[in-house]
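Residue numbers (this note's numbering): 339 to 533.
Even for Gly, the Cβ is constructed at its ideal location relative to N, Cα and C.
Notes follow once the structure below has been shown.
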């Protein structure tokens with residue numbers, strides 16, 4: 339059963355390498371039959387957070403926030419593609435995430451991390467798990483680290499090593515399971531808030 343998945347990419351650097359990883363993820367998920375939208379902060383150019391989407395009166399939020407809110411509400415799950423800056427997530431990703439809250443609720447997230455080193459951004463992924471849980475889209479247990487991202491993919495996101503395809507298959511299967519399970523659970527009703 340196809341899913342509606344959103345990739346949130348978090349770099350705005352002029353020589354960013356992670357976009358290749360994001361393209362790889364997008365292609366792989368589309369080949370699995372899913373509808374996939376890549377959200378690139380270079381395209382949306384959100385300002386530094388002043389007000390969250392929910393803090394605007396209905397119909398008064400900036401157009402790019404309205405588009406993202408509609409996209410997120412229709413999503414079955416999110417894939418977060420993050421670099422590692424100073425052992426944490428890049429500011430552009432944090433800013434992109436922080437503009438929303440309820441739109442993420444009860445949807446799984448999956449973390450793809452990358453770096454130029456051999457660690458593949460695992461420290462950023464560790465930090466992100468706490469943030470994603472607080473946003474209501476806890477991450478799946480698996481994680482997809484990409485070391486030496488500059489040589490891992492070509493500009494179109496084609497992997498240099500086919501091992502990435504096998505690793506991604508297992509990662510995507512887990513995301514699909516959680517996304518389908520939570521979609522069914524959302525259709526049956528959401529937990530009641532504490533009084």
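- Cβ contact annotation for residue 361 (same chain, cutoff 6 Å, sequence separation greater than five): 495, in chain order.
- In the structure shown, the three-state DSSP call for residue 457 is coil.
- A straight-line Cα-Cα distance of about 10 Å links residue 352 and residue 380.
- Under DSSP, residue 419 takes part in a beta bridge, and its partners are 347 and 450.
- Look at the beta carbons and you see the region 497-509 not touching the region 466-477: under three pairs across the two are nearer than 8 Å.
- The C-beta distance from residue 406 to residue 443 rounds to 15 Å, too long to meet the 8 Å contact threshold.
- Beta bridge pairing from DSSP links residue 484 with 452.
- DSSP places residue 403 inside the alpha helix (DSSP H), whose first and last residues are 401-411.
- Secondary structure at residue 352: coil, using DSSP grouped into helix, strand and coil.
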